[in-house]
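First comes the structure, then the notes that go with it.
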């Protein structure tokens with residue numbers, strides 16, 4: 050009743066076959082019973098625990114007997130209902146069991162061995178398991194092995210998927226054209242892509258380090274300010290030059306973004322982009338826009354100036370014709386004409402810069418041009434400067450205007466001579482063949498348009514003069530910019546215009562005190578691919594010396610041009626009508642069509658330009674004879690009239706003789722079409 054337990058042993062005392070008595074032994078069994086009950090309870094608890102673990106547990110003794118297994122093991126290997134001991138071969142393949150024994154033999158008491166193995170289960174399923182082995186060692190011998198096997202198939206698959214995703218992430222980030230990184234709040238690198246190696250640091254070396262350790266100090270000082278802003282939750286960015294360990298100078302744009310978790314900044318994501326090409330492209334676009342604007346300005350100035358020169362030359366020529374040969378004013382007028390003709394060279398330079406200058410294109414060997422003009426080049430330099438030639442042995446032919454290329458070389462030589470000054474110096478002209486690659490196009494942006502990759506003739510003019518700063522180089526090709534006291538600032542501007550007109554390129558290398566090198570490129574033409582241009586100009590022939598009759602309609606928006614032309618033509622015995630714009634000219638032609646033999650038409654006019662007036666005249670009279678006049682080159686001015694039948698073209702500024710010859714030529718052709 051009090052919970053005690055007794056163990057009673059009763060045995061009979063037999064004498065001569067008879068039971069004469071009993072031996073009764075009663076022992077207090079309470080403690081032992083309670084211990085057994087506790088052990089049973091613990092075993093039941095252990096079984097509950099082991100049966101509900103997500104692992105297969107066994108205990109092997111004697112090398113080949115299973116003394117214990119839990120429910121997951123029993124279910125997997127069909128050991129349910131079987132009592133131990135059980136041969137290991139019943140449930141565990143011999144090779145695995147032997148491997149367990151080898152591992153256990155190498156372990157000391159208390160040590161745990163582990164390994165992973167891909168198993169084929171009794172049901173044929175593949176399972177990746179993680180094994181832990183604990184040897185039961187007594188007296189230095191392995192008496193048994195406790196094994197624990199955990200199914201990690203899903204974990205391995207998840208890990209494989211994660212590794213695959215990480216590999217994809219790494220592939221994506223490593224191929225992004227930017228340096229990407231995650232920084233801890235302390236500023237240390239948690240992750241970085243391979244572009245960090247541009248800073249001379251391997252990815253493995255960068256992890257855990259602060260980027261300030263390998264970034265230039267100036268860059269680092271700015272970077273840390275933006276890092277602190279990002280730590281405060283603000284997305285920020287900055288841009289500045291960066292010199293890489295290999296000496297390359299780039300422009301880098303850096304972005305800093307806070308990585309927020311539950312309202313707290315856990316890390317800072319940084320993205321650093323090399324924007325050098327973008328900035329260079331933007332600068333090239335600005336340069337192209339500047340060149341276009343300046344070209345339009347220069348062309349407009351040249352056009353207006355040419356109109357003034359037409360009036361000046363025309364009226365001066367008239368004065369010379371009317372004055373006696375001995376008149377004292379003739380000398381002064383001749384000087385005025387000479388000055389006007391020299392002024393015309395300035396307008397030609399402005400037109401060259403604008404790309405609307407006069408070009409006469411034909412095949413050209415630059416080496417031959419240089420050799421033929423070497424005396425002229427040397428005469429243009431003072432005695433203290435030596436001119437050296439370094440010409441390629443064989444050079445391809447280019448398609449160019451001989452006179453314009455000669456002008457380019459002359460301008461560059463004269464500029465080089467000014468840079469050398471009065472001290473002893475040398476100018477070297479070099480020619481080479483150069484194959485321009487796609488990557489090299491960035492050096493040829495001054496002309497405002499990228500060059501096409503391919504074969505070019507390279508022309509270099511190098512001097513050992515005073516050199517130039519970057520700021521000066523950026524401006525030397527602008528019209529009217531000059532560092533000389535009496536310079537016009539149009540020489541190098543004309544060079545750029547001529548090169549642009551030849552689809553070439555130019556760039557300059559120079560530093561103060563180290564001279565300058567002007568690099569020029571001209572595209573080559575394949576042998577045999579060039580055809581001589583057809584001369585569309587009327588053949589100049591001997592014209593009748595007597596007076597030529599006819600009526601000319603002059604359409605020009607500049608009154609002094611119209612007046613000068615009318616005075617000259619009237620002096621030649623011709624009748625004239627004058628109009629100051631297109632509509633007035635069309636009205637006069639409609640009214641006097643029967644009288645008008647020839648129209649002298651200006652190209653650039655307000656309200657209606659020369660092309661529009663010409664088309665309107667053709668609608669009135671398809672056979673109308675028109676001489677087009679412009680300050681632009683014939684090729685530029687007549688490019689929209691290619692399919693039209695212009696009687697002729699005369700370029701401004703023109704003098705008395707040129708104008709009268711063109712007019713007489715057209716009228717003679719009109720009177721005698723067969724010539």
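In the working numbering, the protein residues as written are 50 to 724.
Note that CB positions come from ideal geometry on N, CA and C, so glycine has one too.
Over the uninterrupted beta strand (DSSP E) stretch that includes residue 477, give me the two end residues.
Note, residue 477: beta strand (DSSP E), 474-485.
Under 7 Å Cβ to Cβ from residue 240, same chain only, skipping five residues before and after it: list those, please.
Excluding residues within five positions, the ones whose Cβ falls inside 7 Å are 230 and 231.
Identity of the residue in 147, 187, 200 and 183 nearest residue 169 by Cα:
Comparing Cα positions, the closest option is 200.
Just to confirm before moving on: does the CB-CB distance between residue 202 and residue 177 stay below 9 Å?
With a cutoff of 9 Å on beta-carbon distance, residue 202 and residue 177 are scored as near each other.
Using the DSSP secondary-structure output, state which residues sit across from residue 104 in a beta bridge.
Beta-bridge pairing links residue 104 to 199.
Under the three-state DSSP convention, the category residue 551 falls into:
Residue 551: coil per DSSP, three-state reduction.
Once DSSP output is grouped into helix, strand and coil, what is the label at residue 587?
Below a pLDDT of 50, predicted positions are generally treated as unreliable, and residue 587, at 40, falls in that range; the measurement from the model is reported next regardless. When secondary structure is reduced to three states using DSSP, residue 587 falls in the coil class, being assigned neither helix nor strand.
Considering only the beta carbon of each residue, do residue 292 and residue 259 sit closer than 9 Å?
No, these two residues do not count as a Cβ contact at 9 Å.
Reducing DSSP to helix, strand and coil, say where residue 707 ends up.
DSSP places residue 707 within a helical segment (H, G or I) once states are collapsed to three.
Distance, residue 598 Cα to residue 651 Cα:
Each residue's alpha carbon lies about 22 Å from the other.
Distance between beta carbons of residue 413 and residue 485, contact taken as under 8 Å:
Not a contact, Cβ separation roughly 19 Å.
Close-in-space but distant-in-sequence residues of the same chain around residue 378 (CB under 7 Å, 5 per side omitted):
Setting aside the 5 residues that flank it on each side, residue 378 is surrounded in the same chain by 372, each with a C-beta closer than 7 Å to its C-beta; the list follows chain order.
Work out the CA separation of residue 276 and residue 483 for me, nearest whole Å.
C-alpha separation (whole angstroms): 47 Å.
Neighbourhood of residue 724 by C-beta distance below 6 Å, restricted to the same chain and skipping five residues each side
Any reading at residue 724 must be qualified, since the residue scores a pLDDT of 49, below 50, and its modelled position is unreliable; the value itself is stated next. For residue 724, where only same-chain residues beyond five positions count, there are no Cβ hits under 6 Å.
CA nearest to the CA of residue 676, picked from 705, 607, 99 and 602
Distances from the alpha-carbon of residue 676 to those of 705, 607, 99 and 602 put 602 closest.
Proximal residues to residue 119 (C-beta, below 6 Å), its chain only, five neighbours per side dropped
Taken in chain order, the residues that qualify are 99, 100 and 106.
At the level of alpha carbons, what is the spacing between residue 388 and residue 698?
Rounded to whole angstroms, residue 388 and residue 698 show a C-alpha spacing of 24 Å.
According to DSSP, is residue 696 helix, strand or coil?
In the structure shown, residue 696 sits in coil (DSSP, three-state: anything other than H, G, I, E or B).
Unbroken stretches of the alpha helix (DSSP H), 4 residues or longer, contained in the region 227-315
Counting only runs of 4+ residues, the alpha helix (DSSP H) found wholly inside the region 227-315 occupies 252-255 and 266-280, in chain order.
Beta-carbon proximity check, residue 304 vs residue 285, cutoff 9 Å:
Taking 9 Å as the Cβ cut-off, residue 304 and residue 285 qualify as a contacting pair.
Measuring only the C-alpha atoms, how far is residue 720 from residue 710?
Spanning the two alpha carbons is a distance of roughly 15 Å.
Just curious, the beta strand (DSSP E) that residue 179 is in, first and last residue?
Here the beta strand (DSSP E) through residue 179 covers 175-187.
Considering only their Cβ atoms, is the gap separating residue 366 from residue 605 smaller than 9 Å?
Their beta carbons are not under 9 Å apart, which means residue 605 does not touch residue 366 by this criterion.
Mind checking which residues open and close the alpha helix (DSSP H) that includes residue 521?
Counting along the chain, the unbroken alpha helix (DSSP H) around residue 521 starts and ends at 519-522.
Would you call the region 462-475 and the region 507-516 in contact, with 3 or more CB pairs under 8 Å?
The region 507-516 and the region 462-475 touch, with three or more beta-carbon pairs separated by less than 8 Å.
At the level of alpha carbons, what is the spacing between residue 579 and residue 450?
Since pLDDT at residue 579 reaches only 40, below the 50 mark, its modelled position is unreliable, and no value is offered.
How about the region 648-667 and the region 614-632: do they share at least three Cβ pairs that are nearer than 8 Å?
They touch, by the three-pair rule.
Would DSSP call residue 194 helix, strand or coil?
Strand at residue 194.
Integer-rounded CB distance, given that residue 447 should sit under 8 Å from residue 574:
Between residue 574 and residue 447 the beta-carbon gap is near 7 Å, inside 8 Å, which marks them as a contact.
Three-state class that DSSP yields for residue 122 in the structure shown:
The answer is helix: DSSP assigns residue 122 an H, G or I state.
Residue 572 bridges to which residues according to DSSP?
Partner(s): 505.
Buried or exposed for residue 708, going by 16 or more other Cβ atoms inside 10 Å?
With 16 or more other Cβ atoms within 10 Å, it is buried.
Per DSSP, cross-strand counterpart(s) of residue 164:
Answer by DSSP bridge pairing, in chain order: 180.
With distances taken Cα to Cα, identify the nearest neighbour of residue 301 among 272, 362, 315 and 312.
Answer by Cα proximity: 272.
Considering only the alpha carbon of each residue, which of 236, 88, 282 and 488 lies closest to residue 311?
Among 236, 88, 282 and 488, the Cα nearest to that of residue 311 is on 282.
How is residue 376 classed by DSSP in three states: helix, strand or coil?
Residue state, collapsed to three classes: coil.
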